[in-house]
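These protein sequence lines are chains H and C, in that order. Residues 1 to 359, numbered by the numbering used here, are exactly what the first sequence covers, in order. Residues 1 to 359, numbered by the numbering used here, are exactly what the second sequence covers, in order. Where a beta carbon is used, it is the ideal one built from N, C-alpha and C, also for glycine. Taking it in order: structure first as structure tokens, then the write-up.
Protein chains: 2
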Amino acid sequence: MITLSIDCMGGDHGPTVTLPACRQFLDSHPDAQLLLVGLPASLSAFAHPRAKMVFASEVVGMDDPVEVAMRKKKDSSMRVAIQQVKDGVAAAAVSAGNTGALMALSRYLLKTVDGIDRPAFAASIPNAKGDSTTVLDVGANVDCTPEHLLQFAVMGSALVSVLKGNDNPSVGLLNIGEEVIKGNENIKKSAQLLRTASLTGDLNFFGNVEGNDIFKGTTEIVVCDGFVGNVALKAGEGVATMIVDLLKVEFSRNIFTKIGAIVAYPVLSALKKRVDYRRYNGAPLLGLRGLVLKSHGSADTFGFEQALNRAYDAARNDLLEKVRVRIAHAAPLIAVVPLTQEIPDSVFASSAIPAATPN
Amino acid sequence: MITLSIDCMGGDHGPTVTLPACRQFLDSHPDAQLLLVGLPASLSAFAHPRAKMVFASEVVGMDDPVEVAMRKKKDSSMRVAIQQVKDGVAAAAVSAGNTGALMALSRYLLKTVDGIDRPAFAASIPNAKGDSTTVLDVGANVDCTPEHLLQFAVMGSALVSVLKGNDNPSVGLLNIGEEVIKGNENIKKSAQLLRTASLTGDLNFFGNVEGNDIFKGTTEIVVCDGFVGNVALKAGEGVATMIVDLLKVEFSRNIFTKIGAIVAYPVLSALKKRVDYRRYNGAPLLGLRGLVLKSHGSADTFGFEQALNRAYDAARNDLLEKVRVRIAHAAPLIAVVPLTQEIPDSVFASSAIPAATPN
Numbered sequence: 001m002i003t004l005s006i007d008c009m010g011g012d013h014g015p016t017v018t019l020p021a022c023r024q025f026l027d028s029h030p031d032a033q034l035l036l037v038g039l040p041a042s043l044s045a046f047a048h049p050r051a052k053m054v055f056a057s058e059v060v061g062m063d064d065p066v067e068v069a070m071r072k073k074k075d076s077s078m079r080v081a082i083q084q085v086k087d088g089v090a091a092a093a094v095s096a097g098n099t100g101a102l103m104a105l106s107r108y109l110l111k112t113v114d115g116i117d118r119p120a121f122a123a124s125i126p127n128a129k130g131d132s133t134t135v136l137d138v139g140a141n142v143d144c145t146p147e148h149l150l151q152f153a154v155m156g157s158a159l160v161s162v163l164k165g166n167d168n169p170s171v172g173l174l175n176i177g178e179e180v181i182k183g184n185e186n187i188k189k190s191a192q193l194l195r196t197a198s199l200t201g202d203l204n205f206f207g208n209v210e211g212n213d214i215f216k217g218t219t220e221i222v223v224c225d226g227f228v229g230n231v232a233l234k235a236g237e238g239v240a241t242m243i244v245d246l247l248k249v250e251f252s253r254n255i256f257t258k259i260g261a262i263v264a265y266p267v268l269s270a271l272k273k274r275v276d277y278r279r280y281n282g283a284p285l286l287g288l289r290g291l292v293l294k295s296h297g298s299a300d301t302f303g304f305e306q307a308l309n310r311a312y313d314a315a316r317n318d319l320l321e322k323v324r325v326r327i328a329h330a331a332p333l334i335a336v337v338p339l340t341q342e343i344p345d346s347v348f349a350s351s352a353i354p355a356a357t358p359n
Numbered sequence: 001m002i003t004l005s006i007d008c009m010g011g012d013h014g015p016t017v018t019l020p021a022c023r024q025f026l027d028s029h030p031d032a033q034l035l036l037v038g039l040p041a042s043l044s045a046f047a048h049p050r051a052k053m054v055f056a057s058e059v060v061g062m063d064d065p066v067e068v069a070m071r072k073k074k075d076s077s078m079r080v081a082i083q084q085v086k087d088g089v090a091a092a093a094v095s096a097g098n099t100g101a102l103m104a105l106s107r108y109l110l111k112t113v114d115g116i117d118r119p120a121f122a123a124s125i126p127n128a129k130g131d132s133t134t135v136l137d138v139g140a141n142v143d144c145t146p147e148h149l150l151q152f153a154v155m156g157s158a159l160v161s162v163l164k165g166n167d168n169p170s171v172g173l174l175n176i177g178e179e180v181i182k183g184n185e186n187i188k189k190s191a192q193l194l195r196t197a198s199l200t201g202d203l204n205f206f207g208n209v210e211g212n213d214i215f216k217g218t219t220e221i222v223v224c225d226g227f228v229g230n231v232a233l234k235a236g237e238g239v240a241t242m243i244v245d246l247l248k249v250e251f252s253r254n255i256f257t258k259i260g261a262i263v264a265y266p267v268l269s270a271l272k273k274r275v276d277y278r279r280y281n282g283a284p285l286l287g288l289r290g291l292v293l294k295s296h297g298s299a300d301t302f303g304f305e306q307a308l309n310r311a312y313d314a315a316r317n318d319l320l321e322k323v324r325v326r327i328a329h330a331a332p333l334i335a336v337v338p339l340t341q342e343i344p345d346s347v348f349a350s351s352a353i354p355a356a357t358p359n
């Protein structure tokens, strides 16, 4: 039996989306059970033989600063959901809530694995090769040093090698040109560091890639800071949505285009499925001693259910332990440079506070 | 007669693309003439009654550092093309060459207008509203301060108000969430600054927007640093290309899908046209005392011709002077904060060097 803990309050839509998704997930996974975490009033109407309610008295708002989630709302549904993983009661936690808070709480409660300074969200993006490109980070870290990007490269390689059985997946550094002289100082240093690490043979660094390479599938993994990764991901979703909507409008324009739509239906339906980013929802937060997955905040029932499916697959395949072993194997690689000692950005300043004042 | 100067050597394909594009442009614009700048050997085969050759002895490589373009290759085709604008011989220069070099050379030769610290490339991106979203910067500046982003907002507003006759176009700040607490420190400060500037009534600041909002058309203008803007732009192109290619493959799968393709042809062809980013090629470099447009480095003949068309339209409509007047009008707005005194990143350190050692 696989047990997942679900932050039912998170996301733009909260229980109106998460609860129906949980029901569908339970109905299609007879060997799974769910710990539904949320306010008692929000969960009261739900009942399922394999669902157990875990009550929380607070909710982290989508616009709550990290400090509030960490210091003030100590009984939030998000925190309680992660706590289930820490306590070994659940194999993975899933939340569609506030990304910054999820990152900080997960890091504080679960701790990072040896050698990893910062966890990162790894998204799977459909590419033109009919496969997916793993992009990290897509939102956990808004400012990254070259050392962090090296860690992302190691974690991404570990994830892809476990998921796809490819021992030496290629890693691209997201930049604004393929040439080595491109980018800001931070990116140039990152490229140098990745190139150096690549010489050990444990990392397969391809070089710089550009935004379109994510969708071409030029490399299996693309590393970037969470700000850039998030923008790239959402820009891609934006274009896919625009095109699918445009096709709908164009095909319903008149009787001839409507006939065209009927004849072209199989192709259009294949396309819609292929570029439906909801199918790829659910990004694991890599680098922690416990499994946490982030759903898109705006996910609908179908999308949130996919995040649950991914959490289930990850738990069932023991992704956490396999990735940990891979990262441990690459420890000498990461040690090419010392980990950053200082904690430079506000997210980490915040997440460090409770460590000094434990509750 | 409108005269444009063309860096015929720039881009991934050089004269094999630029020269055929120039011919097509000349044939469709009887009131235009071109100054074709390049190596004598590369231009020798071309002849047209309204084309004049301007020879240069060097070419800026796509992977040349800015320093090389600025200090070593003083007779490059790119530099000579911009010089034609400075000398008042051409109304605008167009290049598909090295972005960093084009930015630095343009800034050095043409100088910025009063109140503008850094020029920015403004791209027009097709959106779901059937209109276009103006995004800046898309590659000139890889590190930006909040003050720079405010200047981009002012320049973008000036451009859109001139092009679309809308006096108060809305401006979004590209971020990883709509909530005010999102983003890194730099972005939070930028949002504050834009909000303050907006109170004067001269700037219509909408708030934070996300990557998908560029394609939704949530705001008429989106401001961001050139690294993020470039990645968003290319990610969008990547998805559009992937979908169009996917449709081609799917529709040629068997006899039934081929019939579907014939029936659906008008719709597919409308879609292809709509998302063909080559049609939007040619980003003006705003904030200078002369007009320079950047073509995508990988542009084909059709794409490069669009950049020429845009340069022609801009020159014909006196875009430069109109935008300058708008920026001058907003001078008190930019003066909300003093311009950055220091020159923090390598691009500007490089472009400043020749000022001390003029040729």
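Boundaries of the beta strand (DSSP E) around Val223(H): Ile221 to Val223.
In terms of Cα proximity to Lys164(H), the closest of Cys144(H), Ser132(H), Asp137(H) and Gly183(H) is Ser132(H). For Asn254(C), DSSP records no beta bridge to any residue. Among the residues facing chain C, Phe206(H) is not included, as its CB has no counterpart in that chain under 8 angstroms away. Taking the beta carbon of Glu147(H) as reference, no residue of chain C falls within 9 angstroms; the closest one sits roughly 17 angstroms away.
The DSSP-derived three-state label of Ile116(C) is coil. Under the 8 angstroms criterion on CB atoms, Asp12(H) is classed as non-interfacial with respect to chain C. The three-state secondary structure of Leu174(H), taken from DSSP, is strand. 8 angstroms or more divides the Cβ of Lys294(C) from the Cβ of Leu308(C). When DSSP assignments are scanned along the region 78-149 of chain H, the uninterrupted stretches of beta strand (DSSP E) that are 3 or more residues long and fall wholly within it turn out to be 92-95, 120-126 and 132-136. For Asp143(H), the nearest beta carbon of chain C is closer than 8 angstroms to its own beta carbon.
Given a length threshold of 4 residues, each whole run of the alpha helix (DSSP H) inside the region 14-57 of chain H is given here in chain order: 15-28 and 40-43. Of all residues in the region 256-272 of chain H, the ones placed with a Cβ closer than 9 angstroms to any Cβ belonging to chain C are Phe256, Thr257, Ile259, Gly260, Ala261, Ile262, Val263, Ala264, Tyr265, Pro266, Val267, Leu268, Ala270 and Leu271, in chain order. For Asn317(H), no chain C residue has a C-beta closer than 7 angstroms to its own C-beta; the minimum C-beta separation is roughly 28 angstroms.
Residue-level contact check: Glu210(C) touches chain H, since one or more beta carbons of chain H fall below 8 angstroms from its beta carbon.
Distance from the CA atom of Ala264(H) to the CA atom of Arg253(H), rounded to whole angstroms, is 15 angstroms.
Neighbours of Leu247(C) in chain H, taken as residues at a C-beta separation under 8 angstroms, are given in chain order as Val267 and Leu271. Fully contained in the region 182-225 of chain C are the following beta strand (DSSP E) runs of length 3 or more, in chain order: 204-209 and 221-223. The shortest C-alpha to C-alpha distance from Gly282(C) to any of Lys258(C), Ala158(C), Asp300(C) and Ala330(C) is the one to Asp300(C).
The Cβ atoms of Lys234(H) and Asn212(C) sit closer than 8 angstroms to each other. Counting C-beta pairs closer than 8 angstroms gives three or more between the region 87-100 of chain C and the region 8-19 of chain C, which meets the contact rule.
If you ignore the 5 residues before and after Cys144(H), its C-beta comes within less than 6 angstroms of the C-beta of Asp225, all in its own chain and listed in chain order. Under the three-state reduction of DSSP, Asp7(C) is assigned to strand. A buried status is given to Glu147(H), since no fewer than 16 other beta-carbon atoms sit within 10 Å of its beta-carbon.
Residue-level contact check: Ile176(C) touches chain H, since one or more beta carbons of chain H fall below 8 angstroms from its beta carbon. Listed along chain H is no residue with a C-beta nearer than 8 angstroms to that of Ile334(C); the closest approach is about 24 angstroms. In this structure, the beta-carbon distance from Thr241(C) to Gly172(C) does not fall below 8 angstroms. Ile214(H) belongs to the set of residues whose beta carbon lies under 8 angstroms from a beta carbon in chain C. Assigned with DSSP and collapsed to three states, Ala283(C) falls in strand. C-alpha of Pro119(H) to C-alpha of Arg107(H): approximately 7 angstroms in a straight line.
Taking 8 angstroms as the Cβ-Cβ cut-off, the region 228-244 of chain C approaches chain H at Val228, Asn230, Val231, Ala232, Leu233, Lys234, Ala235, Gly236, Glu237, Gly238, Val239, Ala240, Thr241, Met242 and Ile243, given in chain order.
Membership of Val68(H) in any alpha helix (DSSP H) is not indicated, and neither H nor E is assigned to it by DSSP. Distance from the Cα of Ile327(H) is smallest, within the candidate group Val154(H), Leu19(H), Thr3(H) and Pro15(H), for Val154(H). The Cβ atoms of Leu35(C) and Ser5(C) sit closer than 8 angstroms to each other.
For Val275(C), the nearest beta carbon of chain H is closer than 8 angstroms to its own beta carbon. In the DSSP assignment, Lys322(C) falls within the unbroken alpha helix (DSSP H) covering Leu319 to His329.
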